[in-house]
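Novice:
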Amino acid sequence: MVVFATRFYRLRAWQSVPRLSRTLGAGFLLLLGPAGAIRAQAQLLIYSTTPAAHQVGAARNTNVAAAFTYTLGNNPTVQGATKVFSQQAGGLRAGVTTVNSNVLTFNPDADFKAGEKVSATFTKGIQRETGENLVIPRVLQFITATNPSTGTFGGGSEVAVTERRQNIVTGDLDGDGDVDLASASSNRTVSVRFNNGAGSFSGTTEVALNPDVSVSRVALADLDNDGDLDLVTAGSTSGEKGFVSIRLNNGQGSFTAVPDVSVNDGALNLAVGDVNGDGYLDVLTANSPLRPGTVSVLINNGTGTSFTPGGGEALIYIANRPFDIKLGDVDNDGDLDVVTSNLGGVTVFRNSGTGSFTTGQQLSISSAPFRYSSSIDLGDIDKDGDLDFVANIGVSSQATNAIAAVGINNGGTFTLGQQFGINSFDISLGDIDGDQDLDFVASSGTRLNNGQGTFGAPTPLPISDTDALTVSYLSDVDNDGDLDVLTGNNNGTQVSVHLNQNFLTPPLAVTSFTPPRNTVAVPRATDVAVTFNQALSNTSTQGALKVYSEQAGGLRAGTANVNGSTLTFNPTADFKAGETVFASILTAFQSSNGQSLAKGQVFQFTAATAPSTGTFSGGSEVGVRTNPSRPTTGDIDGDGDLDLLVSNSSNNIDVRLNNGNGTFTGGQEISGGRSIILADVDGDADLDLLAPSATVGTSVLVYLNNGSGTFSLYQTATVLAGVADIAVGDVDADGDLDLITTAYGLRPGNASVRLNDGTGNFRGGQDINSNLDRTYNVAVGDVDGDGDLDFVMGNASANPSDFPLNAVTIYSNNGSGTFDNGRLISLGSGAGATDVVLGDLDNDGDLDFVSTNGSTSTNGSNQVVVGLNSGNSTFTLRQFAASFNLGELSLGDVDGDGDLDFTTSAATGTLVWLNNGAASFSTTQTVAAVRNAILSDIDSDGDLDLVGPDGPLEGSTTVGIRLNQNAASELRTPENPANAVAGLNYQYYEGFWDALPAFSSLTPTRTGTVPTPTLSEALRDDGYAFQYTGYVTVPADGQYTFYTSSDDGSKLYIGSQLVVDNDGLHGEQERTGTIGLKAGTHALTIAFFEKDGGQTLNVSYAGPNLAKQLIPATAYKRVSTTANQAPVANAGANQSLTLPTNTVTLNGSASSDADGTVASYQWAQVSGPNTATFNNPTVAQPTVSNLVAGTYVFSLVVTDNLGLASAAAQTTVTVNAANNSNLRTPENPSNTVAGLDYKYYEGFWDAVP
């Protein structure tokens, strides 16, 4: 019988049965008997952990938690069944474990150390409340955060140790809170040096080992689970007999010997980890006498003194010798696998979960003679949630001329990535600059990770004699929260400590954008804002944000305002409908304490379009010269509407100015080839023109605009010959638009990058050869989400037998405008990826692509290929077939529903493809005759029209404009029912369905009312359904998009019209639909069912001047079965005060409405000795002033949400006169007249006489 279990465990062979895997994910054990019968049995499994597996940068004060498929028992057995091990301090951590329903949380009694690897085992001792144990234990590893720092090293000290060091490790051996040093020596001792807390080490402790065993490696681990770090070493006798030696710590840095454990011959290295999930740390050794080598697996019996061989006695390599060994969950199945570096490469052994291993991938890195990998480290280098590796490949016993090779994990299988030279044997991964990614460290220097898994240029460490350096180690030795480096060579007697130069304050960094990166359907009147982690200087940052409009105004004018850590830019005019806006964040940004931004960034967003039908008709024809090619539009004369420019086969460009209503008059005629674009290249707030010098030109003509739509040639920018397409973008983040061209060639095609000097003069840059023969169109955007602009271009092979025949290539920017050699994404066979565009098609915040892809060999049809970005520039492809040979693409929100649609060109016209909200597209119209079209709001009505050459393929003399037909006349009339009150009615049903049932044939289990469509009224977790009925109120006429995000199925109706169809069995997914509504209250039905597993229902809407949001409770209505009751006003208790206090606050907040809500308040003065002053008589608690002595009466009337007013309630305020009892009584004499009497004296006194 074969047994499978998930949430964490993949069922690769069953990808065609998604519902089955989802059921398992909910916590079931699937049993396959000999006859193939399937039955499901509820089991306790883990489905998520905190921190996540392999996370880099977990908070040092983090708790360790797991969520399970069922409620847990809450007893000492369960509470003690989680074991958390610190690599650097405390070993098995003490702490408090709590159980809350199905979540178990361990709170350590002390924070973890900076940058250390923490391992947690959730053992089988964890039980359900009904007594069943956890089916499969899980081992979780993560790395804690380090403080931001420069990642450069200096200062430190030299530590004397015994000669011939083999490796260096650190950990808190004496329990004083700082990390101490242990160094293995081949002279059969371990040198222990104790830290003074500031990174200086002292002492002469030498821990004796077996005198017959030459030590090759030392590690620190809590083998006896007593809360301190023990010593464990691997080594061999002169006869190559392997041994593991263990010295148990008493908690104060004194060690006791236990009997050595025999392992296979030639024990060279070791690793420690819980390989069988029992909560004890096991020991594995890499043994390398001669070929073949072995790995010995020693299973800890719990005392640290007794071990049982696991997986047989050892794992046998085939032909290769292991030199280093690491443990990590390579295949993300919850147990620790073995990865070794060997002669010529790397080998993976997969754990069965019990500490038994089978040989997995054997990856060859070098076939050169005497090439071997002496060191390897594991970590999530590219931050995609799995373990990658970096290994060094050396020549014989020399550290010189070695290379480091990066292995990127893809589903548990490694592929080779970046390689670079090093002069070191030992290598390590750690976050040395505190930016939450793993950097590379070797004794010869460091390389910082760019956040995407690529290491930058090397920075040497401040050391000498690098050729002799063989060992290095990362640890926070001075307790300042960053990782320091310890280095040495195996012939010396010193360990060098290099301290990381940390920041007194974190570096200035961007924390958020407004609008968020790549957002679609941003209100056209939006401000653009950037928020940082520090307060900003108000003077030096005003001009540090550059906002470029694609369609009007170029570099936007506006007002910049600094408020604390945020700069907000308010453009002087709204953005154009559907245009893409780019914003450059320059290094001129400066914090209030003088820090400058280290690296500029660029982000983009797309302005919203008005809701429309997304169908095109009408319009006009614009006369141009013969054989026009693809046009471009933009407001070139500054009059607020979009003008038209179009080139033709005779290398001429016609300019046509918009009259404001979508009709055009003649303008300038200019020389230039096809593929023209408009962009503000000189930063003067108007759109300039760039065009190839000929049909397939050798240069780009730069025409500057004088602001009124007249162009003059400014520069001829030299690029590689054969220009096929032009794009611009601020690739070096300096605030101006740079130039990228593709060149159509044969073996190979290519691209040119030219950098702008700020005046529209392009020079320098880079020329790049394509990986395929021909290059076509190019698109620019931040594909990998690292804050700089990459570019993507379409390719094809000239040879039909080549594979891939056609592809798109992604070129990644290093942040300074320099691009890598590109990464091909094959689109399969076809006639060529002739066009490619970028946009966030699935609204998940990253850029996806669309490409046209010719004829396929599989079905003979034509395709559009959509590549959905996973967030790290890896793509999942979807194909959509068409019956035409497809050409140019245009991307935009055609129907104004908040997602990106596109059009494709064909010989007979233009196909319109609408998005269903989940990046699934279908054709809705073929616009006849108009080809090579673009989307643009020609008639300024807020929706995107279609513009392209019209008429025959040859001999056409017109550009056709087809207007998008808005849906204002199709708005639904609201019911506006009488006696509407807040909330919805619901009917609750129980049963198990695979789709929404026919509710009319069912009897509800219960009914009631709810304020919103909540699942809280369900009586059980699985097998139920809801039907919510009532109304929804919309504030204005227009097109409204409704969204349901549900697990399982849901539908939403307005009246009897189905608007959102999200039915069926599935995990949480969102679906949308659009309907035209008049302002008012419309009938609403929401249906939902839950079979098993997860359960979610969220209902949102968006509409005119209404951003996407959950529908608020105030918008839901139901009809009350009783007449509306008047609200009750409560004016609060009577009050008194004494002058000189002459103000009082009245309190009407206790007013209520039994069948609705209080919508408004109205206070008034009834009586009093004078007229009092209200600060605002329409709020619940107004302040009244200007009171004098006497008695005041005030009244309150409240009105409910249906407009019914209450009876007046009153409250009294008594103002008492001032208390005068301490004042002197006057004489008040009679016969007083003006003036004073006086007496005059003469004399000398020291005081008044």
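In terms of my numbering, the sequence shown opens at residue 7 and continues consecutively. For glycine and all other residues, C-beta sits at the position ideal for the given N, C-alpha and C.
Does the stretch 54 to 61 come close enough to the stretch 188 to 200 to have 3 or more Cβ pairs within less than 8 Å?
Specialist: Flag = no, the stretch 54 to 61 and the stretch 188 to 200 do not touch.
Novice: Exposed or buried, which one is S502 when buried takes at least 16 other CB atoms within 10 Å?
Specialist: Buried, since its Cβ has 16 or more Cβ neighbours within 10 Å.
Novice: Is D1006 helix, strand or coil when you go by DSSP?
Specialist: A quick correction: the sequence has Ser, not Asp, at residue 1006. Of the three classes helix, strand and coil, the one that applies to S1006 here is helix, per DSSP.
Novice: What is the DSSP secondary structure of V789, counted as helix, strand or coil?
Specialist: Note: V789 maps to coil in three-state DSSP.
Novice: Taking V352 as the reference, give the member of E960, V900 and R327 with the closest Cα.
Specialist: Checking every option, the nearest Cα to that of V352 belongs to R327.
Novice: Just to confirm the assignment, what range does the alpha helix (DSSP H) spanning T716 have?
Specialist: T716 -> no alpha helix (DSSP H), and no H or E assigned at all.
Novice: Mind checking who T638 pairs with in its DSSP beta bridge?
Specialist: DSSP output for T638 lists L651 as bridge partner(s).
Novice: Alpha carbon to alpha carbon, how far is P529 from G96?
Specialist: The straight-line gap from Cα to Cα measures roughly 54 Å.
Novice: For D947, is the beta carbon positioned less than 7 Å from some heavy atom of the ligand HEM?
Specialist: The model on display carries no ligand, and the ligand HEM is accordingly not part of it.
Novice: At what residue ranges does the stretch 228 to 275 contain a whole run of the beta strand (DSSP E), taking only runs of 3 or more?
Specialist: Runs of the beta strand (DSSP E) inside the stretch 228 to 275: 236 to 242, 248 to 255, 261 to 263 and 267 to 269.
Novice: Which residues in the same chain as G209 place their Cβ atom closer than 8 Å to its Cβ, once the five residues preceding and following it in sequence are excluded?
Specialist: Counting only Cβ-Cβ distances below 8 Å, and skipping sequence neighbours, we find V198, R199 and F200.
Novice: Let's see if you can read the secondary structure: which residues bound the beta strand (DSSP E) around Q367?
Specialist: Residues F363 to S370.
Novice: If distances are taken between C-alpha atoms only, which option among D736, R66, R1077 and P1183 comes closest to S822?
Specialist: For S822, the nearest C-alpha among the options comes from D736.
Novice: Any idea if V1194 is buried or exposed, counting beta-carbon neighbours within 10 angstroms, 16 or more meaning buried?
Specialist: The residue in question, V1194, is exposed, as its Cβ has fewer than 16 Cβ neighbours within 10 Å.
Novice: Helix, strand or coil, according to DSSP, for P698 in the structure here?
Specialist: Of the three classes helix, strand and coil, the one that applies to P698 here is strand, per DSSP.
Novice: So what does DSSP say about F1250, is it helix, strand or coil?
Specialist: DSSP places F1250 in coil when its eight states are reduced to three.
Novice: Taking Cβ to Cβ, would you say H504 is nearer than 8 Å to G160?
Specialist: It is a contact, given that the beta carbons lie within the stated cut-off.
Novice: Give me, in chain order, the residues of the same chain whose beta-carbon lies closer than 6 Å to that of D266; leave out the 5 immediate sequence neighbours on both sides.
Specialist: Counting only Cβ-Cβ distances below 6 Å, and skipping sequence neighbours, we find N216, F249 and S251.
Novice: Taking the alpha-carbon of D488 as reference, which of G997, Q442 and D1069 has the nearest alpha-carbon?
Specialist: Minimum Cα distance to D488 is reached at Q442.
Novice: Identify which residue in A988, I149, I52 and G131 has its Cα closest to the Cα of K123.
Specialist: Ranking A988, I149, I52 and G131 by Cα distance to K123 puts I149 first.
Novice: Is K89 buried or exposed, if buried means 16 or more other CB atoms sit within 10 Å of its CB?
Specialist: It is buried - the Cβ of K89 has at least 16 other Cβ atoms within 10 Å.
Novice: Indicate the three-state DSSP secondary structure (helix, strand or coil) for Q93 in the structure shown.
Specialist: Note: Q93 maps to coil in three-state DSSP.
Novice: Pick out whichever of N658, A116, N81 and G121 has its Cα sitting closest to the Cα of N106.
Specialist: Comparing Cα positions, the closest option is N81.
Novice: So T1147 is in the beta strand (DSSP E); what residue range does that whole segment cover?
Specialist: Careful: T1147 lies outside any beta strand (DSSP E) and carries neither H nor E.
Novice: List the whole-angstrom C-beta distance separating I831 from G873, where the pair is believed to meet the contact cut-off of C-beta under 8 Å.
Specialist: Yes, they are in contact, since the Cβ atoms of I831 and G873 sit about 6 Å apart, within 8 Å.
Novice: Given a threshold of 16 other Cβ atoms within 10 Å of its Cβ, counted over all protein chains shown, does T1202 qualify as buried or as exposed?
Specialist: Residue identity check: residue 1202 is Leu in the sequence provided, not Thr. It counts as buried.
Novice: Within 10 angstroms of its Cβ, does D490 collect 16 or more other Cβ (buried), or is it exposed?
Specialist: D490 comes out buried.
Novice: With DSSP as the reference, label P82 as helix, strand or coil.
Specialist: Helix.
Novice: To the nearest angstrom, how far is the alpha carbon of L752 from that of R780?
Specialist: Bear in mind that the predicted position of L752 carries a pLDDT of just 48, short of 50, making it unreliable; the figure below should be weighed with that in mind. Rounded to whole angstroms, L752 to R780 spans 6 Å at the Cα level.
Novice: Whose C-beta lies closer than 8 Å to the C-beta of G1249 among residues of the same chain, with five residues either side of it excluded?
Specialist: These residues qualify, in order along the chain: P1255.
Novice: Taking the CB atoms as reference points, tell me whether G310 and L254 lie closer together than 8 Å.
Specialist: In contact: G310 and L254 (Cβ atoms closer than 8 Å).
Novice: Which word fits F128, buried or exposed, when buried means at least 16 other C-beta atoms lie within 10 angstroms of its C-beta?
Specialist: It counts as buried.
Novice: Using the DSSP secondary-structure output, state which residues sit across from S618 in a beta bridge.
Specialist: Per DSSP, none; premise fails for S618.
Novice: Could you check which residue in D947, N938, L969 and N972 has the C-alpha nearest to that of G957?
Specialist: Closest option to G957, Cα to Cα, is N938.
Novice: Taking DSSP as the reference, what is the three-state secondary structure of T309?
Specialist: Of the three classes helix, strand and coil, the one that applies to T309 here is coil, per DSSP.
Novice: Say whether the stretch 602 to 619 touches the stretch 513 to 529, bearing in mind that this needs 3 or more beta-carbon pairs closer than 8 Å, one atom from each stretch.
Specialist: Result yes; three or more Cβ-Cβ pairs closer than 8 Å.
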